[in-house]
Each structure stands twice: as structure tokens, then as C-alpha cells.
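Residue numbers (the numbering used here): 111 to 575. What follows is one structure encoded as C-alpha cells, with my remarks underneath.
Take a look at the structure:
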């Protein structure tokens, strides 16, 4: 009588994903989901009278949920004429999907003889996984991935900070923010918003945010208050000038420890002889990212600084035009404001000046472009008893009867890495001296000019005096 001793060598489960390390999912618009097969390979050893069997045998396999008794899982698999060689046989078994959700035991029948005990089916240390699968083939997709967006890049907006993967609210440097808008804000007038502030201080600064729109009013700044617009083309403060060069003709009147930024200032003098975009008297505000226009009056001033004012002027565009008498981009009287990254245009008047430094005004001027044209007298920079430090400045005067790059009346400026252009004089000294280094002098220069490394418009060396 034949004796059969089954021995489980290997079970390869091709359906059950045991210990899958990763499943990569990405859009596969042309892929069609395909289920993995449920069959697996079973290999055993058949002994006949203590010796390895050889020949063909009829085998039947049943799957149970217990070592003895229990419930049969799926249908029996009957295989006829299974080849056995030196006791080893290999068969393909398939008990259907969902068969291996718990511990399972395999019962083997040879012909009419059922072998005992049942053989436990244990997982092997290998598994199959899908290299890719379309979203349509995946169940239980989280809602935040179901829209197909799994790689959005985020950045922190205004008032927020991003540290690693964590967003947090960023503390505002202001104690309070007041909104000015033509509708829906706290105020419709900038000045009304400023007047409402009574306790601003270094430890309690305020921000007045001005929404897009044109605000026709005069604005007097307040210490420790920042006025911020929505952009130079979006927020415009407009004034109508006045009868004298003082605060009454200014659209914006400055204050120390105050800031004006991200907006435009306009002064239209069609009904008044003086227009002034901004007026500072013993005041030193910060002015940045601002466009200033003064036009239509007899005398037009972009920014006027008096009485030891030292406003910080940076990233500003100034235009003074249309005056019958004078157009001046920046006028400094006993004031020395730092001026950097500024563009100035003055044109159309009898006398046009880019920058005027009068009476002990010696500001540092850097990265500035000045263009003056169209008048009888055009001056890129005019110094009177003042000695500014000038670097990386282009001052061009043209189109008038007399055109001067720079004029120094009893003044001694230092000029570096600049371009001074004037058909009458590129540099003119009257009772003063100029020191010019590594600069282009496009036009004649007067006595009193000391040069090193200077050249003309054709890059020919210029010798001074």
C-alpha cells in the first residue's frame, strides 16, 4: 500500500500583497486596471513505502480555516495525472479571491486516501507589487489626493510664515492697522484715518493701508504711522497746489519717524502757481516705492526739503513739468536727505533742475538718473554752498539754451563712477571745485575740476583742469 508524506517546500502567493514596501500611484490616462491572478504554486514531496514516489497520481486539494474540522474555503481543486519525480510534485492551486484573509490549512487527498494532518499555508518572505497603477485602480484614495493634485508647492503670503511643512501666523510689527478705502474700509479719507490716531509711539506704531483709488486731499503725516498704498498705479493721492512754496501747496506734508510707500503722489497746479508733491520742514520721513508728479503750476517741485530735513528717499520716481518758471525734482534747503535709486525728470519750464542743493545741503546721492530738457536753462544738479557726495549718477541736460550736467556755486562735490552730460558744460564751477573720478564728462568742463580716470562720450581720455 502506498504511503504519502506531504512536505511543504515553497508557497508563492501571487495575489496576496504581503509586506509591500511601496505602491506608486500616478496618472495613467491610457492604462486599464487589471487584477492580479489568484492562483499560487504549491510544491510537495510524496513518499511511497518510505521511498520517494515516481509516476502519475490523482490529487485533490481542499482549503480550511482550521487544522482540523473548521470550514472549507472555496472549492476543492482536483488534479488528475499529476507527475511525481523522485518524490517531488508541483501544482497550481486556485481557491478564488479573498481566500487568504486569515490562517489557512491545506488538506491533500491522493486518490481516495485523505492525508493527515493538514498543512498550514504560511506567507513567504517575498511579494509582488505594482510598479504603477492608475487612480481608477486604487480604492480608499484620500480626499486631498482624489483631485489628482499631489505635488502643489506652497509659499507663505502676507502675514504668514512657512517653516518646513508648517504654516504659522507672522507677527505684525504694527499695533493696529487702519483701512482707508472708497468703500468698505474704516475711513474714506487718509487724513481722517490719521487724525483718529492719538497714541502712536515707537512701541505702538500704526499702519494706515490705503486701498486702490484716487484720494483728492492734502495729507499731513504723523510720527510712528506708516501710510502704505496698494501700488503706485493703484493708490493715488492728489492735491491742487497752493500760492507759496510751503506746506499749503503740498499734497503730502512729511513727519519724522513716519513712512510713505507703495503709492503715487500728484500735485496739479492748474489753478495755483505752486505745486509740491511732498514738503518736509524739520521732518525726516522714509519715502520708498513712491511716484511723485508736480505739474501745471508756474513753479513745480517734486519733493521740497527745508530746515534740516533728512528724509530717506529711495526707489522713487519724480517728475516736475509744465511750469512757466521752474521745474525742480528735489529741492534741498539746509537739508541733506540720502537719495538712492531715484529717477528724476524735469522739463518744459524756463528753468529745469533735477536736484538743487542750497545752503549747506550735502546729501549722499547714489544710483540716480536725472534728465532735464526743454527749458532755457537746464541743470542736472545745481549746488549752492553745498558739497554732496555723488556716485553712480547719470545727469543729462539737453534741449535748452544753456545745458549743464552739474553746476557748483561755491561748492565742492565729490563725483565717482558717474555720467555728466551738458552741451554748455558737463561740469561748471564758479567759486568752487569738483573732484571727479572714473566718470564720463560729455561736454566741456570748467576750471576747478580735478579728474582721475575720466573720459568723454567717445571714450577719449579727459584731462582736468
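Even glycine gets a Cβ: it sits at the ideal position worked out from N, Cα and C. Given the structure is predicted, the values throughout are model-derived calculations rather than measurements.
Span of the beta strand (DSSP E), counted from its first residue to its last, around residue i
i: residue 527; result: Per DSSP, residue 527 belongs to no beta strand (DSSP E) and is neither H nor E.
i: residue 156; result: Note, residue 156: premise wrong, no beta strand (DSSP E); not H, not E.
i: residue 172; result: 165 to 174
i: residue 569; result: That residue, residue 569, is in no beta strand (DSSP E); it is neither H nor E in DSSP.
i: residue 204; result: Segment: none, residue 204 is in no beta strand (DSSP E) and carries neither H nor E.
i: residue 439; result: 436 to 443
i: residue 559; result: 559 to 562
Bounding residues of the alpha helix (DSSP H) (the contiguous stretch that carries residue i)
i: residue 301; result: 300 to 305
Proximity winner among the options, relative to residue i (alpha-carbon distances)
i: residue 525; options: 501, 474, 326; result: 501
i: residue 190; options: 202, 196, 180, 183; result: 202
i: residue 460; options: 452, 451, 439, 434; result: 434
i: residue 225; options: 282, 161, 200, 155; result: 155
i: residue 223; options: 196, 197, 231, 158; result: 158
i: residue 291; options: 284, 384, 326; result: 326
i: residue 352; options: 343, 342, 328, 511; result: 328
i: residue 361; options: 412, 171, 504, 478; result: 412
i: residue 282; options: 350, 442, 316, 306; result: 316
i: residue 486; options: 510, 286, 398, 285; result: 510
i: residue 382; options: 228, 374, 350, 164; result: 350
i: residue 181; options: 213, 199, 188; result: 213
i: residue 384; options: 469, 437, 429, 400; result: 437
i: residue 484; options: 552, 512, 498, 492; result: 512
i: residue 466; options: 492, 147, 451; result: 492
i: residue 371; options: 319, 330, 548; result: 319
i: residue 394; options: 478, 553, 416; result: 416
i: residue 354; options: 343, 503, 408; result: 408
i: residue 341; options: 366, 373, 331; result: 373
Sequence-distant residues of the same chain with beta carbon closer than 7 Å to residue i, five excluded per side
i: residue 311; result: 334
i: residue 482; result: 456, 457, 462, 463, 464, 488, 489, 490, 507
i: residue 471; result: 442, 443, 444, 445, 446, 496
i: residue 418; result: 392, 444, 445
i: residue 184; result: 173, 205, 206, 209
i: residue 287; result: 317, 319
i: residue 611; result: Coverage of the chain is limited to positions 111 through 575, which leaves residue 611 absent and any answer about it impossible.
i: residue 236; result: Confidence in residue 236 is poor, its pLDDT being 47 and thus under 50, which makes the residue's placement unreliable; the coordinate value appears in the next sentence. Counting only Cβ-Cβ distances below 7 Å, and skipping sequence neighbours, we find nothing.
Reduced DSSP secondary structure (H/G/I, E/B, other) of residue i
i: residue 282; result: coil
i: residue 125; result: Summary for residue 125: the model assigns pLDDT 32, below 50, so the residue's position carries little reliability; its value from the coordinates is reported in the next sentence. In this structure, residue 125 counts as coil in the three-state DSSP scheme.
i: residue 472; result: coil
i: residue 365; result: coil
i: residue 344; result: coil
i: residue 188; result: strand
i: residue 358; result: helix
i: residue 332; result: coil
i: residue 112; result: Unreliable positioning characterises residue 112 in this predicted model, as indicated by a pLDDT of 41, which lies under 50. The coordinate reading is nonetheless provided below. Correct three-state label for residue 112: coil.
i: residue 141; result: Because residue 141 sits at a pLDDT of 49, beneath the cut-off of 50, its placement in the model cannot be relied upon, and the following sentence gives the value as read from the coordinates. Reduced to three states, the DSSP call for residue 141 is coil.
i: residue 416; result: strand
i: residue 503; result: strand
i: residue 548; result: coil
i: residue 225; result: coil
i: residue 210; result: coil
i: residue 394; result: coil
i: residue 424; result: strand
i: residue 556; result: coil
i: residue 151; result: strand
i: residue 236; result: Low confidence applies here, because residue 236 scores a pLDDT of 47, under 50, leaving its location unreliable and the question unanswered by this model.
i: residue 487; result: strand
i: residue 195; result: strand
Proximal residues to residue i (C-beta, below 8 Å), its chain only, five neighbours per side dropped
i: residue 520; result: 494, 495, 540, 541, 542
i: residue 448; result: 420, 422, 423, 424, 473, 474
i: residue 299; result: 290, 325, 327
i: residue 572; result: 551, 555, 561, 564, 565, 566
Contact set for residue i: own chain, Cβ-Cβ below 6 Å, skip 5 residues either direction
i: residue 597; result: Since the first residue shown for the chain is 111 and the last is 575, residue 597 is missing from the structure and cannot be characterised.
i: residue 357; result: 363, 389
i: residue 557; result: 575
i: residue 131; result: The predicted position of residue 131 is uncertain, since its pLDDT is 31 and thus under 50; a value taken from the coordinates is nonetheless stated next. If we look at residue 131 and ignore the five residues flanking it on each side, it has no Cβ neighbours.
i: residue 480; result: 454, 464, 490, 505
i: residue 323; result: 292
i: residue 430; result: 404, 410, 412, 437, 438, 439, 456
Counterpart residues of residue i in DSSP-defined beta bridges
i: residue 215; result: 174, 230
i: residue 519; result: 494, 540
i: residue 252; result: Residue 252 is not bridged to any residue.
i: residue 182; result: 174
i: residue 404; result: 377, 430
i: residue 338; result: 319, 371
i: residue 479; result: 453, 504
i: residue 385; result: 410
i: residue 349; result: 377
beta-carbon residue i near the ligand COA non-hydrogen atom, thresh 6 Å
i: residue 533; result: With respect to small molecules bound, the structure shown includes none, and the ligand COA cannot be examined in it.
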